[in-house]
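Participant: Chains as they are written, first to last, in the working numbering: chain A, 8 to 495; chain B, 8 to 495; chain C, 8 to 495.
All residues carry an ideal CB built from backbone N, CA and C; glycine is no exception.
Bear in mind the structure is a predicted one, so any value in this text is a computation, not a measurement.
Structure in structure tokens, see below.
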Amino acid sequence: MPEEMDKPLISLHLVDSDSSLAKVPDEAPKVGILGSGDFARSLATRLVGSGFKVVVGSRNPKRTAGLFPSAAQVTFQEEAVSSPEVIFVAVFREHYSSLCSLSDQLAGKILVDVSNPTEQEHLQHRESNAEYLASLFPTCTVVKAFNVISAWTLQAGPRDGNRQVPICSDQPEAKRAVSEMALAMGFMPVDMGSLASAREVEAMPLRLLPAWKVPTLLALGLFVCFYAYNFIRDVLQPYVQESQNKFFKLPVSVVNTTLPCVAYVLLSLVYLPGVLAAALQLRRGTKYQRFPDWLDHWLQHRKQIGLLSFFCAALHALYSFCLPLRRAHRYDLVNLAVKQVLANKSHLWVEEEVWRMEIYLSLGVLALGTLSLLAVTSLPSIANSLNWREFSFVQSSLGFVALVLSTLHTLTYGWTRAFEESRYKFYLPPTFTLTLLVPCAVILAKALFLLPCISRRLARIRRGWERDGTIKFTLPTDHALAEKTSHV
Amino acid sequence: MPEEMDKPLISLHLVDSDSSLAKVPDEAPKVGILGSGDFARSLATRLVGSGFKVVVGSRNPKRTAGLFPSAAQVTFQEEAVSSPEVIFVAVFREHYSSLCSLSDQLAGKILVDVSNPTEQEHLQHRESNAEYLASLFPTCTVVKAFNVISAWTLQAGPRDGNRQVPICSDQPEAKRAVSEMALAMGFMPVDMGSLASAREVEAMPLRLLPAWKVPTLLALGLFVCFYAYNFIRDVLQPYVQESQNKFFKLPVSVVNTTLPCVAYVLLSLVYLPGVLAAALQLRRGTKYQRFPDWLDHWLQHRKQIGLLSFFCAALHALYSFCLPLRRAHRYDLVNLAVKQVLANKSHLWVEEEVWRMEIYLSLGVLALGTLSLLAVTSLPSIANSLNWREFSFVQSSLGFVALVLSTLHTLTYGWTRAFEESRYKFYLPPTFTLTLLVPCAVILAKALFLLPCISRRLARIRRGWERDGTIKFTLPTDHALAEKTSHV
Amino acid sequence: MPEEMDKPLISLHLVDSDSSLAKVPDEAPKVGILGSGDFARSLATRLVGSGFKVVVGSRNPKRTAGLFPSAAQVTFQEEAVSSPEVIFVAVFREHYSSLCSLSDQLAGKILVDVSNPTEQEHLQHRESNAEYLASLFPTCTVVKAFNVISAWTLQAGPRDGNRQVPICSDQPEAKRAVSEMALAMGFMPVDMGSLASAREVEAMPLRLLPAWKVPTLLALGLFVCFYAYNFIRDVLQPYVQESQNKFFKLPVSVVNTTLPCVAYVLLSLVYLPGVLAAALQLRRGTKYQRFPDWLDHWLQHRKQIGLLSFFCAALHALYSFCLPLRRAHRYDLVNLAVKQVLANKSHLWVEEEVWRMEIYLSLGVLALGTLSLLAVTSLPSIANSLNWREFSFVQSSLGFVALVLSTLHTLTYGWTRAFEESRYKFYLPPTFTLTLLVPCAVILAKALFLLPCISRRLARIRRGWERDGTIKFTLPTDHALAEKTSHV
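Below is the structure:
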């Protein structure tokens, strides 16, 4: 590998601890850049800042020179690629071929493909940009790197999270050289193996919140269903049967009776898979069988489902607080007062109604408060500062408390209404009764698992015990659980 | 140390910058794993992913092979431990002895103890698992490592926060070897010294939010006291003396008069220790004497106390917004209206009452808003992006503003009530009067410290000046302060 | 470079992968510290903890010994500086000269200047502390480092964010030595070039949220203007023209009509610069011309403006929820009821008013909900876990949705009021009409840019196309955009 490659690292003091001056020449290593776009420029800025000598190859050096940091030397492509051993190709795939004229000067050098295909490009070409580049320059070693880094990050400098730079190449030496440059630039190289995985690396910047797709669709689906159901009960039925116009309820009231249902069901769906997993392990009498894929995916999306549940719950709170602001609310109050007067009723008070409302409001606030703690602890920076025990304490224990609180919130809200015939509009039961099914099932199951006989057996299984009697060597439960059952 | 150990690091490009191909053999280093539990499997997955050759030793290779990544070679224990120099022991403490049969093959090798005792195990055994393992295999070098990492993290890959891997061993070479493996796997090794500290390392995953214990108990204690006090004043007194049934106030009203008291007192307890520390320094005329332990601990728990204060304040807001939703509120309004009509009073308006409420509501919102800024800036990812001056500006200055605002909120809420005899139920003063004591003391003290004479003296002391006249060499105030007085 | 320097790194296993025992002597390297202040002590603690031998030089060793970790050797300055090659100078600038007596022992050694000037010191001296130190000790190599680290961080150990240690010196060897020590202490060295940049490094800890200054002033300015305008319309006009006393509206009502205006305008100002930038690129027919500075700065402060907008919106929500809690609200209701009775009106209901309020409340909640998502994703730890596409999806797409929602919120709130003469107090139009101008302009512009002809041209330009026909080699749009146009 060329001498030049060592220096950035030396200048970063990450390696070469034995410091014979002989090995520390003073001039910085030279790096070439082809292209004069935004990325090329940000790259040049960063490289210069990290102590590299940068030579930019442009077709029109005069025009482009102004765009680059003055420390970078901008010249004609032929000249630019002559001396450096590593050359960044910041050029569109469609222009790769235009570089073939340089193939002689490039022979034996390391080409770094930093390009990012657009979605259609990615679908259109079966071979990755990097592999295509390699096919054009068989005498060069192509390394795929830096494509996940945006020009912005290059300029602003890497931050904690997005410092990782996946790197792949068929030539370990070249891979190492580029990795060392990445380190010198403040990034964290991640070895992605051979150039064959370049396509995968190029797909990374194209992903769009994949983990959120299913949970979001789930939430939307639930919302639509419950909204329709509530619409029929609260608006359609009075209109049809009592010919009352309650359509004004659509924007707030109906939404506000729908949101809690969604939040509540979603929350229960966070804890259902854990219960199913445990049940499955109990039935199989072992944990050494993979869960079915659907369960695996479900277990891995609990965090997103939980956060969506919290989001709906928070919206529910906001909508509820809006209720007394509504004109409708004011009119109802005034009309009620007038009615009282006309009926010569001096004192209005229904103790039971008062109690019901006081209780379920209080429970609702507490449930939301607990959920907010869960939401906060699932922030990366906080989750990462917790050890496994703390994390699972907050996420499973506290999360379960939230589930119980919201169940009580729902029950006290419902009060006796499930048993009053008048509540069955169109013979449809009150909405809250529908939402209770899953959560209660989960809570019951969790209660069952607490029975000594079952819990002991489950603990044994999770420590590696199997029905057939052989004991697997495994680590204690909290580790065993870490993988699957109680990770939200 | 065996040659093998170098390669992972080479493959991570963290070291060995001088790149004579001679020193870069292509085959990856070999690592052994004993055990086939979840942790063993996650470990194998990660090691394979980091470019190691993994050999798993199992008693029943056929059965277990399926559970491991195909790249990992699963074989009988004897065979597995023969060639690699480093062997991970992912086995329960109680099964360590069962490995003694391998002692000959293991002789002279590095055993990595990754085990995590459960709480009772930890209490039960006076010697750490690692030391126990070392006693069983005197010919091996035992290294304690990776126990703080959960199987989950091993699979998902390390994230920012929980990348640290505490490592201890009596043999520096072995320690380094394992540290380099940790680095190659993307973790950050932390040297914990000799194997004697293994017990401490094994205790790490058992800790459960230690910093939160005292503050939480404090908050709960305050809540109980104030709740009882408010119960007596708002519910018991009317029941006993006016035989009015106000028990419906328990779930919401009483809670909502209690929460602000807790939040307010907690907030003042965040700033009290700073004042005490300053006072102590003034009296001692030096800062070069340790604070008493209780004060030290208090100073170190200010962040948690502050966040709990914010949590209570937020709950207080939620409860307050629930008030107009309550049936009780509706009934009161209607009854009031009816009363007006019967009394033939056409216009109801008490200017003073109106003003009082408008002002304290507004102040309350502002106080909560300021507190929320404090809470946000105490998130790790944000706190770490601030320099010391910015952090202390937000935490002390803005925090003090929040304290003043909530004091005004309390005072305007109280208005003249502290002086109305009728407010003294059972001769008990209104609750808000009790809460005012500490905060006002803090505010007064802070005001005193602003007096030129005192503030100058305090500044001098914090710059290292001492009454006996000698000047210590120290860094400027902001550094001096960093350690103690204004770090929330 | 002295042998000693290698060992800390070896002990951290970051370098020297080839592990011939010869190169790993057992005794730790020796480091000297001059000064006995807080920083000196924290530094000693940290160095000892990282496996260094620490010698502290004090004028009065007996007195100061107690303050340092027992592992650190505290002795007289002359003695302390004799053996170590690297000496930390934790001393005030004004005391540098007092060290000149040591210049003979210090000759040829590395002096690390860790000092932090106070603001006035920084303004007062044109040359940095480090350069001043260098001028006093021409025979030594001065390195500026660790000044950004607070004594607190040194003791508590570095956390994710604030691990960076800017280092500058004229002597690369010395720079590397100190960088390696920083690494060994768990910090991340950042090369800042020659000692000439020491002044800049010393200024770092003095900065106070620079990025927030302008946006905050902007928000405050807007608040004052709108507050005055609303005061005139809602309080002054009724007082003057109808001699009604509405001054009680100042603390809540007026604030609550002002906040949404500020939030709304700020939000539109987040998206205006992007539109201007695009327009500019369209007119110029190229993106290879720098934007005017004011636009550049504006583009870079969008995040702060957006967060302030969210903060105001949240406060607006809190204030709104307080409205029904107000005495004034209660009195109005009761009086309205009484009026109804006296007028013998039994049923009060204005369908249009009801609809208006239901709709704008619902839209308001949705807008706030969307904004909160934006706020959360701009948390460092979350923003860094998103790739560019995800980030810009949330920030531009979702952000634009929020803008549209709040526009609808404003329009439905306004309803037909803009056209009712009675609403023009003092001939001043209703406040909401003023706020609509900018946002609507932005939305219209964004809509225009969606027209195929314009959008295609814009895309071409952002891919590097220029009117003069030459095609620049650039990376795909998302990268191009990263730098400027849609980064919030």
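Which runs of the alpha helix (DSSP H) spanning at least 4 residues fall entirely within the stretch 174-213 of chain A, listed in chain order?
Facilitator: Taking only runs of at least 4 residues, the alpha helix (DSSP H) segments lying wholly in the stretch 174-213 of chain A are 179-191, 205-210.
Participant: Which residues, in chain order, does the stretch 373-392 of chain B contribute to contact with chain C at a C-beta distance below 9 angstroms?
Facilitator: Of all residues in the stretch 373-392 of chain B, Leu373, Leu375, Gly376, Ser379, Leu380, Val383, Leu386, Pro387, Ser388, Ile389, Ala390, Asn391, Ser392 have a Cβ within less than 9 angstroms of some Cβ in chain C.
Participant: Near Pro196 (chain B), what residues of its chain come up, given a Cβ to Cβ distance below 6 angstroms and the 5 sequence neighbours on each side ignored?
Facilitator: The answer, listed in chain order, is Val172, Ile174, Ser186, Ala189.
Participant: For Gln171 (chain B), which residues does DSSP report across the bridge?
Facilitator: Paired residues: B:Met195.
Participant: Helix, strand or coil: which one does DSSP assign to Ser110 (chain A)?
Facilitator: Ser110 (chain A) falls in the helix class under three-state DSSP.
Participant: Taking 8 angstroms as the threshold (C-beta atoms), are Ser369 (chain B) and Val262 (chain C) in contact?
Facilitator: Taking 8 angstroms as the Cβ cut-off, Val262 (chain C) and Ser369 (chain B) qualify as a contacting pair.
Participant: Under three-state DSSP, which class holds Ala93 (chain A)?
Facilitator: According to the sequence shown, residue 93 (chain A) is Val rather than Ala. Note: Val93 (chain A) maps to strand in three-state DSSP.
Participant: Please find out if some non-hydrogen atom of the ligand NAP comes closer than 7 angstroms to the beta-carbon of Asp241 (chain A).
Facilitator: Absence of the ligand NAP is noted for the structure shown, with no ligands found whatsoever.
Participant: Going by C-alpha distance, which of C:Arg464, C:Val62, C:Arg66 is nearest Arg291 (chain C)?
Facilitator: The candidate whose alpha carbon is nearest that of Arg291 (chain C) is C:Arg464.
Participant: How many angstroms separate the CA atom of Val63 (chain C) from the CA atom of Ala87 (chain C)?
Facilitator: If you take the alpha carbons of Val63 (chain C) and Ala87 (chain C), they lie about 6 angstroms apart.
Participant: Given a cut-off of 8 angstroms on the beta-carbon distance, is the pair Phe317 (chain C) and Leu378 (chain C) in contact?
Facilitator: Yes, Cβ-Cβ distance for Phe317 (chain C) and Leu378 (chain C) is below 8 angstroms.
Participant: Can you give me the Cβ contacts of Ala522 (chain A) inside the same chain, cut-off strictly under 7 angstroms, excluding the 5 residues immediately before and after it?
Facilitator: Chain A is shown only over 8 to 495; residue 522 (chain A) falls outside these bounds and no answer can be derived.
Participant: Which term fits Pro459 (chain B), buried or exposed, when burial requires 16 or more other beta carbons within 10 angstroms of its beta carbon?
Facilitator: By the neighbour-count rule (16 or more Cβ atoms within 10 Å), Pro459 (chain B) is not buried but exposed.
Participant: With a threshold of 8 angstroms between beta carbons, is Met211 (chain A) in contact with chain C?
Facilitator: Chain C contact via Cβ: present.
Participant: Just the chain A side, please: which residues come within less than 8 angstroms of Phe255 (chain B) by C-beta, in chain order?
Facilitator: Residues of chain A passing the Cβ test: Glu358, Val361, Trp362, Glu365.
Participant: If you compare alpha carbons, which of C:Gln248, C:His416, C:Ala285, C:Ser399 is closest to Ile468 (chain C)?
Facilitator: Of the listed residues, the one whose Cα sits closest to Ile468 (chain C) is C:Ala285.
Participant: Is it buried or exposed for Gly115 (chain B), if we count other Cβ within 10 angstroms and need 16 for buried?
Facilitator: Classification of Gly115 (chain B): exposed, given that the 10 Å Cβ count is below 16.
Participant: Flag Leu340 (chain B) as yes if its beta-carbon sits less than 8 angstroms from any beta-carbon of chain A, otherwise no.
Facilitator: Yes, because at least one Cβ of chain A sits closer than 8 angstroms to the Cβ of Leu340 (chain B).
Participant: Answer yes or no: does any C-beta atom of chain B fall closer than 8 angstroms to that of Tyr234 (chain C)?
Facilitator: Not closer than 8 angstroms to any Cβ of chain B, the Cβ of Tyr234 (chain C) fails to qualify, so no.
Participant: Since Ile117 (chain C) sits in a beta bridge, which residues does DSSP pair it with?
Facilitator: DSSP, once it has assigned bridges, lists C:Val93, C:Thr148 as partnering Ile117 (chain C).
Participant: What distance in whole Å lies between the Cβ atoms of Ala270 (chain C) and His323 (chain C), which are believed to be in contact at a cut-off of 8 angstroms?
Facilitator: Contact flag correct, Cβ pair sits at about 6 angstroms.
Participant: Can you check DSSP and say which residues form a bridge with Thr82 (chain C)?
Facilitator: DSSP output for Thr82 (chain C) lists C:Gly64 as bridge partner(s).
Participant: Gly228 (chain C) versus chain B: which residues are under 9 angstroms apart at the beta carbon?
Facilitator: What Gly228 (chain C) touches in chain B: nothing, since even the nearest Cβ is about 19 angstroms away.
Participant: What number of angstroms, rounded off, separates the C-alpha of Pro76 (chain C) from the C-alpha of Cys107 (chain C)?
Facilitator: C-alpha separation (whole angstroms): 27 angstroms.
Participant: Please go through the same chain and pick out, in chain order, the residues whose beta-carbon is closer than 8 angstroms to the beta-carbon of Ser388 (chain C), but skip the five residues on each side of it.
Facilitator: No residues qualify anywhere along the chain.
Participant: Quick one: what does DSSP say Gly39 (chain B) is sitting in, helix, strand or coil?
Facilitator: In this structure, Gly39 (chain B) counts as strand in the three-state DSSP scheme.
Participant: Answer yes or no: do Leu41 (chain C) and Ile117 (chain C) have a C-beta to C-beta separation smaller than 8 angstroms?
Facilitator: Cβ atoms of Leu41 (chain C) and Ile117 (chain C): not closer than 8 angstroms.
Participant: Quick one: grab the DSSP three-state call for Lys432 (chain B).
Facilitator: Here Lys432 (chain B) sits in strand by DSSP.
Participant: Can you give me the Cβ contacts of Gly168 (chain C) inside the same chain, cut-off strictly under 8 angstroms, excluding the 5 residues immediately before and after it?
Facilitator: Because Gly168 (chain C) carries a pLDDT of 49, less than 50, the predicted location of this residue cannot be relied on, and no value is offered for it.
Participant: Counting only Cβ pairs nearer than 7 angstroms, list the residues of chain B close to Arg214 (chain C).
Facilitator: Under the 7 angstroms cutoff, chain B gives Asn394.
Participant: With distances taken Cα to Cα, identify the nearest neighbour of Trp301 (chain B) among B:Gly313, B:Gly281, B:Leu289.
Facilitator: Closest option to Trp301 (chain B), Cα to Cα, is B:Gly281.
Participant: How is Ala72 (chain A) classed by DSSP in three states: helix, strand or coil?
Facilitator: Three-state result, Ala72 (chain A): helix.
Participant: Smallest Cα separation from Phe254 (chain B): which of B:Thr264, B:Leu266, B:Asp241?
Facilitator: Residue B:Asp241 is the option with its Cα nearest to Phe254 (chain B).
Participant: Ignoring anything shorter than 4 residues or poking outside the stretch 322-406 of chain C, list the alpha helix (DSSP H) runs there in chain order.
Facilitator: Those alpha helix (DSSP H) runs which fall completely within the stretch 322-406 of chain C and span 4+ residues are 334-349, 358-384, 387-390, 395-399.
Participant: Beta-carbon of Ala72 (chain A) versus every beta-carbon of chain C: anything under 8 angstroms?
Facilitator: No - not a single Cβ of chain C is within 8 angstroms of the one on Ala72 (chain A).
Participant: Between Gly292 (chain B) and chain A, is there a C-beta pair that is closer than 8 angstroms?
Facilitator: Judged by the 8 angstroms Cβ criterion, Gly292 (chain B) is not in contact with chain A.
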